Each structure stands twice: as structure tokens, then as C-alpha cells.
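To convert, note that position 171 of the sequence shown is 203 in my numbering; the numbers rise steadily by one, no gaps.
A short worksheet on the structure shown next.
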Amino acid sequence: MTADISMLDLFLQASLLVKIVMLTLLGMSIVSWAMIIKRSKVLSKAAKGAEAFEDQFWSGADLAALYQNAKKRKDDLSGTEEIFYSGFTEFARLRKTNAESPDFIMEGTGRAMRVAVAREVDELETNLPFLATVGSISPYIGLFGTVWGIMHAFIALGEVKQATLSMVAPGIAEALVATAMGLFAAIPAVMAYNRLSNKVGKLEHTYATFSEEFHSILHRQAMAGRDSANRG
Numbered sequence: 033m034t035a036d037i038s039m040l041d042l043f044l045q046a047s048l049l050v051k052i053v054m055l056t057l058l059g060m061s062i063v064s065w066a067m068i069i070k071r072s073k074v075l076s077k078a079a080k081g082a083e084a085f086e087d088q089f090w091s092g093a094d095l096a097a098l099y100q101n102a103k104k105r106k107d108d109l110s111g112t113e114e115i116f117y118s119g120f121t122e123f124a125r126l127r128k129t130n131a132e133s134p135d136f137i138m139e140g141t142g143r144a145m146r147v148a149v150a151r152e153v154d155e156l157e158t159n160l161p162f163l164a165t166v167g168s169i170s171p172y173i174g175l176f177g178t179v180w181g182i183m184h185a186f187i188a189l190g191e192v193k194q195a196t197l198s199m200v201a202p203g204i205a206e207a208l209v210a211t212a213m214g215l216f217a218a219i220p221a222v223m224a225y226n227r228l229s230n231k232v233g234k235l236e237h238t239y240a241t242f243s244e245e246f247h248s249i250l251h252r253q254a255m256a257g258r259d260s261a262n263r264g
């Protein structure tokens, strides 16, 4: 094999099955990179949105005013603002008919916020399972292509009377490209999955913490409402 053989030459000289393996790995790599870029943008936006809303929430703004503002944009809410909206909506609904039962009110409110947190986390985790899958199976797909290519090269070698290294080397090189492409697809996917999963975990903690703190605030309001109802 001469030193000037390019990757394209190796691909063109490979058997049909090895070509299919290479193209599959290339496609998986392209799709995973697209998902990595998209998820990175989504998670960065979610982190900034959570920080901005919490700054507004803890600035002393009136909760009713925040709720009315969120209600106007209820179809565009996400993150902590969606959790706030879901919790306050359920709190207000239950408080109208169960003002004397703060425990019942807070049980329903807490459940609504837990559902909202789970829904937001599920949205953040979109495409992450695909990255995990690419990182797990790409090396094995590449290895399959390599094994098949080497087997094909040795079968062809067995059909000649005098075998030389120059005869078998090109076939082995073509096959090894499949393993290289498998690693090329897997390594970025695994690294991105770990990094993005870490970001999702931090956001989930942020959402859960906000939910608990907001739950405490609403609980105090529910207790105050019960005391007012009893005095009335």
C-alpha cells in the first residue's frame, strides 16, 4: 500500500458491507453533533431563564402580579416560571373551595409542581438517550465492519498462490477505518452526554429547590387564609 492513499480511496476500495457500516457511522456522527449543538443551546437558555426568573421572584415582586404576567404568556412558559405558574394556578383553584384545609391545598399544589418539574426535566433530556446510544454502540458497529473487512481480505488472500504483505495491507487498512470511524462517532457523543447530563442535573436541582421554597411560601399563605376564615 502506498502512503498517498486517502480516506476516500480506502472507502471506495472497501467492500459493500464495510461501506454501509462507514456511512452508518458517519450519519450517526452528523446527527449526534446536530443534537449536541441544539441541546447545548437549549440548556444554556434554560439556565439563563431560570436565573432571570428567580431574580425577579426574589426581588420582592407581588406574586399575584407575577402570576398574571405569566398567565398572559402561558403557552411560552418554561423552567421555573412554568413551575411557578402550575403551582400558583392549582393553589388558587383549591383555595377557593378549601380555604379551611391548608394541608389539602398544599398537597394538591405540591403535586402540581412535582408534575411540572418532571415535565420540564423530560423536555431538557430530549435527545440525550440518542447520544448515549451512539456512544455505546458505535465502537461495536465499527468493530463489526473491521472484522468483516479483515475476513474479506484474508479470504481474497487465500485465493492466490503467493501472498505478500502488500496484497493484504490495503484490505486491512480499509477495514480498520471502520473502527476509527466508530470511535470518531462514539467519543464526542459520550463526552457530550456526560456534560449535558450534568447540566440537566443542575437544572433539575434548581427546579426542585425553587419548588420547595415556593411551596413553603404558599403554605404560609394557606395557613394565613385558614386563620382568617376561622376568625370570620
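Ideal placement from N, C-alpha and C gives every residue a C-beta, glycine not left out.
Note that the structure is predicted; figures quoted are calculated from it, not measured.
(message) So, at 6 Å on beta carbons, what are the nonlocal neighbours of A144 in its own chain, with the 5 sequence-adjacent residues on each side left out?
(response) The answer, listed in chain order, is S118, G119 and E122.
(message) Can you confirm whether the stretch 177-186 touches the stretch 152-162 when touching is taken to mean that 3 or more C-beta pairs between the two stretches lie within less than 8 Å?
(response) no
(request) Using beta-carbon positions only, say whether I173 and L57 come within less than 8 Å of one another. (result) yes
(request) Alpha carbon to alpha carbon, how far is K128 from Y225? Give it in angstroms, no decimals. (result) 45 Å
(message) If you follow the alpha helix (DSSP H) that T141 is in, where does it begin and where does it stop?
(response) P134 to L156
(message) Applying the 10 Å Cβ sphere with the 16-neighbour rule, what's the burial state of M32?
(response) The structure shown does not extend to residue 32, since the chain is modelled only from 33 through 264, so no value can be given for it.
(message) For L215 and Q45, what's the separation of their Cα atoms in angstroms?
(response) 21 Å
(request) Could you check how far apart the C-beta atoms of F242 and I52 are, in whole angstroms? I think they sit under 8 Å. (result) Contact flag wrong, Cβ pair sits at about 49 Å.
(request) Please name the residue in E236, L208, S61 and A240 whose C-alpha comes closest to that of S168. (result) Relative to S168, the option among E236, L208, S61 and A240 whose CA is nearest is S61.
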